[in-house]
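Residue numbers (this note's numbering), protein chains in the order written: chain A, 34 to 453; chain B, 586 to 1182; chain C, 6 to 361.
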């Protein structure tokens, strides 16, 4: 048919486009400012131009509290310095990581295309950090996370994590440590020999359940059942029945609400589980909506990053409350505060001032942060290792008993402390 | 409308003396006012007005206020619309009655709003409605005391709605230009980041400074200038455009075809140059749009051409992505052959086709609605299987497979947005061509026959089984290709990327863009995937807007934004006939009276 | 005899063979899995019985929602995709009313009256939403091809979800505990929670009331007539518009009851609570036979039971780990299999022939 002619022309254009694609790779924008001074590029700020730090956190959807908490912490860190550094105002550019890979990629793309951005604090979720670092690392950007915990981003059992990239650091603990902490508590402190794990199909919870299982088995315990629920499930009784039938003495379910709510409420109805089994969750459940609103959580144990107990932290909480009208809503604000301060200190150290102009070398910045040693932060004494783990990880196990009336009380009811 | 019909025509109407018609329907105005009031209350209660107050749209007029202003103007305009002219009744001239109708809209709507504001400032409802905060009340009363504040709110509603009604006083042709100008001003204001980036890259920074204020809002002068330009251009070109269209339609087919081809080629070349203008981030957005467009082209075949309502389309996307990841990534759990993209593509596409046939076969004998639910089920099944602990040794469970390398063409690695854009662009053109080719082929005709009426098609000898399976298979092919591209772009394949919302999003793209229309799919993808990335403020209300948009589109324009000629005919036959008749009657009448149309 | 077989064999297509293979494979897998699970002694007899009860209770909630779907489908041949959201609205309003009510003395002194108030409020809300939906979004599209109102329903579903989220917030809303509803019944070896018993009771009462309504009242007769043949019903003087509104209203009322039931049994509701139960309820309706009130009930129970027992019985028996994670998979595969074995559902459809 005659139509084939012009359709063929279109096809030709298509092929030409593909060729155009092959021929037109441009270098990552980070290298734009590349000079002999710094192989990864530099950021040059004229007089009065702001030092821009990107903040990529989960600020919408189910995980909004996780991200919002950290954004606020970063804002407080900026306010603590009077909003400026080296005579330049500090500006924050907030992006949403959507707690998943696709949104994380978009956010990272947005950030990386702005060559004036000096560093990144984020992401909230490990799933978003993986593709984000694939974009940031070759562009010379540095990212410090206050809440990524997945081992693949730094190291697992001494081996480099498969998603590890240069320029990535974190002040939050590695999941393996929390898994070990919970397992040690269960095995040594509670004397439990048989445990079951439940995850909910989220990479974080699956990773944590795996870490627990591994450590528990290393200690000599037996994992009688490793199972999972699906978000949206409301009837947990079948799963609980299976767990009961497997003979578990403790159930470790480091998942989120509302599935955790159903588990806790329905556990009492399932024979073989109600009075005998011990329930243990993780930091995803250390919030008032779980602990305070659900009476059945009484008696439950929770593992999570330790709430700092020093004067500086109390000052921080006071500032937080004054500014935002409520106590910190999640568990990683202090980590992000430390992350931001490490970044700002590093900028201060490597920036070269010339008249009113500030020049910051990206490579120098990365090296400076990597060399962080014995830094006194809210979360402890931080030292960055070769894989980017900078945390001084202390995992606490707390319990919600009758005596505790609020989430703050629960967090203070520390039964066990674990250091790496 | 009932009030207009109260006076039926008695016998044959005489030549020029017709029955008087009501210029406006006051009852309708009241109803529109009530709807407007409820809408304003609703938008305030969900916190939209308050959230949007943070964004300045046009120099200190915040987006939050702007929404209310727009609502007032719009409702005033709609409420004051004269009822359609019926044969035998006089044409009405716009005038004071329109203003009156606008006033009524404002009265009713304003009263409702004022009542609401009074109520929530007296009673604290924040336990139940967390978004109704004192800040919102402040906004609505202009931060004044209750009494004067309520009066202010009421007064503004009244004024805005009257102005909306007054828009009817503008002569019709000029009115269109005014609306276009308003649309452009709002669009340019909302898409500030997009326009700014483009202007800067095009070295037109001065223009940017003229249009926008430093905070990112459109400046008054910029808005005024833009509006004026649009109106002038529209007026000047308006007539010319009409004649141009007529001339083109009058051309013989070969010449017309050459014109279309030329236009198409120029358009495509313009598109090809787009990334340089848009910068890396926006190009990346376009890449995402492109991937969704490829998926939508496939679904367009299944739903549009073949009429099979598939709600689980994301399953094929997932199959493509996971197969690619399993074959290409060094971290693939079970076996990692680490094949290069173009080699891995073959088994990926084969798996896609197999998945299409596998899902298509059980549903062969099922009716349309059952088909929808069962395919939805299959979509969920696929995601759950990829997520499951059971298949974790192959697919990584909840953590998926990471580290998928980028596509390489020979020694070149397509890792930058620009390179990826050209590839997607080429593929999109290719697959669009394939869609057209399929549509005009024997298979395509069997699809259309089956879509129209399956029983009849069967009776006429069309092999409906082959048609259905081929539709599923080819749709799956497109989707798995898109999945492969997605995997190499994001480099991580996780189950949470393949939820039922993605299926529905692709379906919405096909529907809103235009069912069975290939350019419609492109427009749909751009609007529904591209725009949300650029308009970040609306993120929280994204699905609310999607939902409202769907309902609106189905009620007003079910054929989509760019309808395919055939589908539009099916869906709008009667309506169009009626509209045409009305228009004819109006035109004939006006020409008889010597007025311009 | 041999001739008839030969003739039938010739008419067999590949599709038929494939479907037979699927049927046989399904039966084989189910048998192997079940036998394995039952003989392994992994779960005690009491636990199996418990699982059954859980399934029936969950199924009652599905059945209540399914009633609304099946009625609308029977009359209009239209899947009201937004029905799940109608259910969610009922549950939400139930929460909104029960929370302040639980702080009054009425709650503990006259629990039944309090529950009735909550139910009334929820039902009023859900019915209004259903009727409003019909008038605004579906009625104008009465004559359009089937795809159009279906898409509108999807749009309405999204809109309702996020409107409720915007109005009430995205957090989980906890129902206050109903006094007197904690504890267990023992009955013929089955342990039934009081809350579960209440829900099953509600479902039975609702179904009975609906059945009486459809069979014995004038409005019910009008509904039957309209579902048989809309045009003729109109000619016979039945106000079709009003009848259709009634159908939506009744369906909405059922969904409102289901919403409160859901809140009682699961203790929580939030803006996305309607999505998954909505899909499951439609699955249940199709499973039991759409257009058929008894079918909605049977389908709901079957689906609940299958979800509850299925993974433990069949999947774990086949050696699949974390079988409960795949419970939705199991449910949907059951749907597909039922539709392959018996395309009109368990109890068969009750729809007029011409529409097909």
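All residues carry an ideal CB built from backbone N, CA and C; glycine is no exception.
Expected contact under 8 Å - CB spacing of residue i and residue j to nearest Å
i	j	result
residue 1129/B	residue 167/C	4 Å
residue 368/C	residue 278/A	There is no way to answer for residue 368/C, as the model of chain C reaches only from 6 to 361.
residue 803/B	residue 773/B	6 Å
residue 1077/B	residue 164/A	5 Å
residue 58/C	residue 197/C	5 Å
residue 354/C	residue 296/C	5 Å
residue 185/A	residue 195/A	5 Å
residue 1102/B	residue 1147/B	5 Å
residue 220/A	residue 252/A	5 Å
residue 949/B	residue 1014/B	Going by Cβ atoms, the distance from residue 949/B to residue 1014/B rounds to 33 Å, so no, they are not a contact pair.
residue 70/C	residue 286/C	4 Å
Residue from the options with nearest C-alpha to residue i
i	options	result
residue 137/C	52/C, 252/C, 231/C, 241/C	252/C
residue 714/B	645/B, 630/B, 776/B, 734/B	630/B
residue 862/B	1134/B, 788/B, 1103/B	788/B
residue 313/C	32/C, 60/C, 31/C, 37/C	60/C
residue 993/B	1100/B, 757/B, 1008/B	1008/B
residue 427/A	334/A, 213/A, 258/A, 231/A	213/A
residue 936/B	946/B, 958/B, 951/B, 909/B	909/B
residue 28/C	725/B, 928/B, 947/B, 709/B	947/B
residue 125/A	143/A, 85/A, 188/A	85/A
residue 273/C	346/C, 215/C, 248/C, 183/C	183/C
residue 860/B	718/B, 638/B, 1001/B, 1105/B	1001/B
residue 326/A	114/A, 109/A, 176/A, 439/A	439/A
Collapsed DSSP secondary structure at residue i in the structure displayed
i	result
residue 797/B	strand
residue 237/A	helix
residue 332/C	helix
residue 822/B	helix
residue 122/A	strand
residue 89/A	strand
residue 647/B	strand
residue 255/C	helix
residue 273/C	strand
residue 1048/B	coil
residue 59/A	Residue placement at residue 59/A is flagged as unreliable, the pLDDT there being 45, under the threshold of 50; a coordinate-derived value is accordingly withheld.
residue 621/B	helix
residue 313/A	strand
residue 628/B	helix
residue 243/C	coil
residue 909/B	helix
Residue i: CB within 7 Å of a non-hydrogen atom of the ligand NAP
i	result
residue 121/C	As for the ligand NAP, it is missing from this structure, which has no ligand bound.
Exercise. Output, in sequence order along the chain, the residues in the region 49-80 of chain C whose CB is closer than 7 Å to any CB in chain A.
Key: Those residues of the region 49-80 of chain C that come within reach of chain A (Cβ to Cβ, closer than 7 Å) are 51, 52, 55, 56, 59, 63.
Quiz item: Can you list, in chain order, the residues of the region 91-109 of chain C whose Cβ is nearer than 7 Å to any Cβ on chain A?
Solution: For the region 91-109 of chain C, which is checked against every Cβ of chain A, not one residue is closer than 7 Å.
Practice problem: Give the residues from the region 150-180 of chain A that approach chain B closer than 7 Å (Cβ to any Cβ), ordered along the chain. | Solution: Within the region 150-180 of chain A, the qualifying residues are 160, 163, 164, 167.
Quiz item: In chain order, what residues of the region 363-382 of chain A put their CB closer than 8 Å to some CB of chain C?
Solution: Nothing from the region 363-382 of chain A brings a Cβ to less than 8 Å from some Cβ of chain C.
Self-check item: Proximal residues, the region 258-286 of chain C versus chain A, C-beta separation under 9 Å
Solution: So the list reads 267, 270, 271, 272, 273, 275, 277, 278, 280, 281, 282, given in the order they occur along the chain.
Quiz item: If contact means a Cβ-Cβ distance below 7 Å, which residues of the region 164-188 of chain C contact chain A?
Solution: Answer in chain order: 176, 177, 179.
Quiz prompt | Where the region 282-303 of chain A meets chain C: residues whose CB sits under 8 Å from a CB there | solution = Listed by position, the residues of the region 282-303 of chain A near chain C (Cβ gap below 8 Å) are 290, 291, 294, 295, 298, 302, 303.
Self-check item: Continuous beta strand (DSSP E) assignments of at least 3 residues falling wholly in the region 121-201 of chain A
Solution: The DSSP assignment places 121-129, 150-155, 176-178 as complete runs of the beta strand (DSSP E) inside the region 121-201 of chain A, in order along the chain (cut-off: 3 residues).
Practice problem: Write down every uninterrupted run of the alpha helix (DSSP H) in the region 645-715 of chain B whose length is 4 residues or greater and which is fully enclosed by it, in chain order. | Solution: For the region 645-715 of chain B, whole alpha helix (DSSP H) runs of length 4 or above, ordered along the chain, are 648-664, 681-707.
Exercise. Would you mind listing the alpha helix (DSSP H) stretches within the region 178-232 of chain C that are 4+ residues and don't spill past its ends, in chain order?
Key: Listed in chain order, they are 199-221.
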